[in-house]
Amino acid sequence: MNTNLLILAFIIIFMLHNLEEIITVERWMKRTYPRVRKRIPLFAQKEIEKFQDITAAQFAVVVFVLSIPCSALILVAAVTEHYFLFLGLNLIFALNIFTHPLQSLFLRCYTPGVWTSILLVIPYNILFFYHFAKAGMLTMNTIAASFVVAVLFIPVFLLSHKIGEKWS
23 MNTNLLILAF IIIFMLHNLE EIITVERWMK RTYPRVRKRI PLFAQKEIEK FQDITAAQFA
83 VVVFVLSIPC SALILVAAVT EHYFLFLGLN LIFALNIFTH PLQSLFLRCY TPGVWTSILL
143 VIPYNILFFY HFAKAGMLTM NTIAASFVVA VLFIPVFLLS HKIGEKWS
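Numbering (this note's numbering), first residue to last: 23 to 190.
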């Protein structure tokens, strides 16, 4: 399998996953969250309630802002073949393998993003990590560098949410 094909697939899956979240987050926060709130630990409730009034438009802004540096990083990784950049980005995205399905199991209900996590993100990451391992691209240096990229991306993620909050 071609690494650039995996990058293209990532872009499509990233878009579909975020569209599922954009389409469902506002309704979920208004209708489902009040019903399942009591099942959520207090420390998590405080964080979630910051987004209680989030609209689909606000979340779309978050995704848009986040997509700009993601796109730049993907382009640089594909052109330069510095695939550790892409691996770092994918490590963050791969967290969806755990977060959405575990949230749904814990809350015993649908959570925004769970369907694309199960049907697209998990199978993609199995294929992705299989390809990277088979191609010898999962060296200690590559993994260490990709973790640095992932950590450096955290402020970008937080900033995108701050910008989205301001959108009304």
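Cβ atoms here follow ideal geometry from the backbone N, Cα and C, with glycine treated the same way.
Where the alpha helix (DSSP H) containing residue i begins and where it ends
i    : result
A100 : A78 to T102
P56  : Y55 to V58
W37  : Residue identity check: residue 37 is Met in the sequence provided, not Trp. From DSSP, the alpha helix (DSSP H) with M37 extends over T25 to R49.
Y105 : Y105 to A116
Three-state class that DSSP yields for residue i in the structure shown
i    : result
L127 : helix
Y152 : helix
W189 : coil
L174 : helix
Q67  : helix
Contact set for residue i: own chain, Cβ-Cβ below 6 Å, skip 5 residues either direction
i    : result
N118 : S139 and V143
P134 : E43, T46, V47 and W50
L95  : L107 and L111
S126 : T133 and V136
Sequence-distant residues of its chain with Cβ nearer than 8 Å to residue i (five each side left out)
i    : result
F151 : L160
Own chain partners of residue i with C-beta closer than 7 Å, once the 5 adjacent residues on each side are dropped
i    : result
V83  : I185, G186 and W189
V171 : F106, L107, G110 and L111
C191 : For the chain, the structure presents residues 23 to 190; residue 191 sits outside this window and is missing.
H122 : T133, G135, V136 and S139
Three-pair Cβ contact test at 8 Å for the stretch 57 to 72 versus the stretch 157 to 166: no
The stretch 67 to 78 in contact with the stretch 105 to 119 per 3-pair CB rule at 8 Å: no
Inter-stretch contact at 8 Å, needing at least 3 Cβ pairs: the stretch 83 to 91 / the stretch 168 to 182: yes
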